[in-house]
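Report on one structure; see the data block that follows.
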Amino acid sequence: MKNQTLQDEEKVILLKLARRTVEAAARRNALPEVKLAEYSASLQEPGASFVTLTINNNLRGCIGALEAYQPLVKDVITHAAAAATEDYRFLPVSLEEVNLLKIEISVLTKPEVLTYSTAVDLMNALIPGKMGVILKDGHRRATFLPQVWEQLPDKQEFLSHLCQKMGAPGHLWKTKNLEVFTYQVEEF
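Everything in the sequence shown is counted per this note's numbering, starting at 1 for the first residue and increasing by one.
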């Protein structure tokens, strides 16, 4: 998805489609079929999305892609189903949970390289609440959506937790120049 915003009607369409998808996945039914011609040009464009499922503000599943590889409408279906059934941190969503779920969709801008020299430079370049961050070290990588800043508002703590999510020591960002990318999201 380019750096354009979706119309309110398009957001409603994606949220309804995500809910239908989660319910179908919980029932072990076929996922909704998509006929691209029935959707707006914005929803037909390649887009990268994350679908986050919560119950009473507790994470229940979150799966997505950092880069666009399919039409946005299909991307949301793919990640809604995966968030409901494939997030390794949780059991698959049960049918009883479907109506309790809050579904949030985040549509990502294209990640951009963040160039920095020191750990202090890195911290100074980050904008809490606005930037999603990807850390990469060789074959390992991890991301936090901009919404994660709400739980981890301290930049050092944010970066340390992101290193740990990547499977690296929490202090790695202070001692090694990692590849860093940032992006923004439109969440709804």
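Where a beta carbon is used, it is the ideal one built from N, C-alpha and C, also for glycine.
On a Cα-Cα basis, can you pick out the residue from the options that is closest to residue i?
{"i": "Asp137", "options": "Ile77, Thr109, Glu150, Trp173", "result": "Trp173"}
{"i": "Met131", "options": "Phe144, Leu53, Leu14", "result": "Phe144"}
{"i": "Val120", "options": "Ala65, Thr85, Lys176", "result": "Lys176"}
{"i": "Gln44", "options": "Lys102, Ala26, Ala68, Thr21", "result": "Ala68"}
{"i": "Ile105", "options": "Glu33, Thr52, Val113, Glu150", "result": "Thr52"}
{"i": "Ile77", "options": "Ile63, Thr115, Glu96", "result": "Ile63"}
{"i": "Val12", "options": "Lys35, Ser40, Arg28", "result": "Ser40"}
{"i": "Val73", "options": "Gly170, Gln164, Leu31", "result": "Leu31"}
{"i": "Trp149", "options": "Ala142, Gly129, Asn58", "result": "Gly129"}
{"i": "Lys35", "options": "Asn29, Asn57, Gly170, Pro71", "result": "Pro71"}
{"i": "Phe188", "options": "Lys165, Leu100, Gln147, Asn58", "result": "Gln147"}
{"i": "Pro46", "options": "Asn58, Cys163, Asp75", "result": "Asp75"}
{"i": "Asn58", "options": "Leu100, Ala142, His171", "result": "Leu100"}
{"i": "Leu14", "options": "His171, Cys163, His79", "result": "His79"}
Leaving out five residues on either side along the sequence, give the residues of the same chain with a beta carbon under 7 Å from the beta carbon of residue i.
{"i": "Gly167", "result": "Arg140"}
{"i": "Phe90", "result": "Arg60, Gly61"}
{"i": "Lys16", "result": "none"}
{"i": "Gln164", "result": "Gly170"}
Do residue i and residue j have their C-beta atoms closer together than 7 Å?
{"i": "Ala25", "j": "Ala65", "result": "no"}
{"i": "Thr21", "j": "Glu186", "result": "no"}
{"i": "Glu33", "j": "Val98", "result": "no"}
{"i": "Pro111", "j": "Phe181", "result": "yes"}
{"i": "Leu108", "j": "Ala48", "result": "yes"}
{"i": "Glu86", "j": "Ser42", "result": "no"}
Cutting at 6 Å between CB atoms, please list the residues of its own chain near residue i, excluding the five before and the five after it.
{"i": "Leu159", "result": "Trp173"}
{"i": "Thr54", "result": "Arg60, Lys102"}
{"i": "Leu178", "result": "Leu135, Asp137"}
{"i": "Lys155", "result": "Met123, Leu126"}
{"i": "Tyr183", "result": "Leu108, Thr109, Pro111, Gly132"}
Within its chain, find whatever has a CB closer than 8 Å to the CB of residue i; leave out the 5 residues flanking it on each side and keep chain order.
{"i": "Leu152", "result": "Phe144, Phe158, His161"}
{"i": "Val113", "result": "Glu179, Val180, Phe181"}
{"i": "Tyr116", "result": "Leu122, Ala125, Asn177, Val180"}
For residue i, count neighbouring C-beta atoms within 10 Å of its own C-beta (all shown protein chains included) and say buried if the count is 16 or more, exposed if not.
{"i": "Ile134", "result": "buried"}
{"i": "Ala83", "result": "buried"}
{"i": "Leu95", "result": "exposed"}
{"i": "Asp8", "result": "exposed"}
{"i": "Pro92", "result": "exposed"}
Between residue i and chain C, is there a C-beta pair that is closer than 7 Å?
{"i": "His161", "result": "Protein chain content of the structure displayed is limited to a single chain, and chain C is not contained in it."}
Only counting runs of 4 or more residues, tell me where the alpha helix (DSSP H) segments fall wholly within the segment 68-151, in order along the chain. Listed in chain order, they are 72-85, 119-125.
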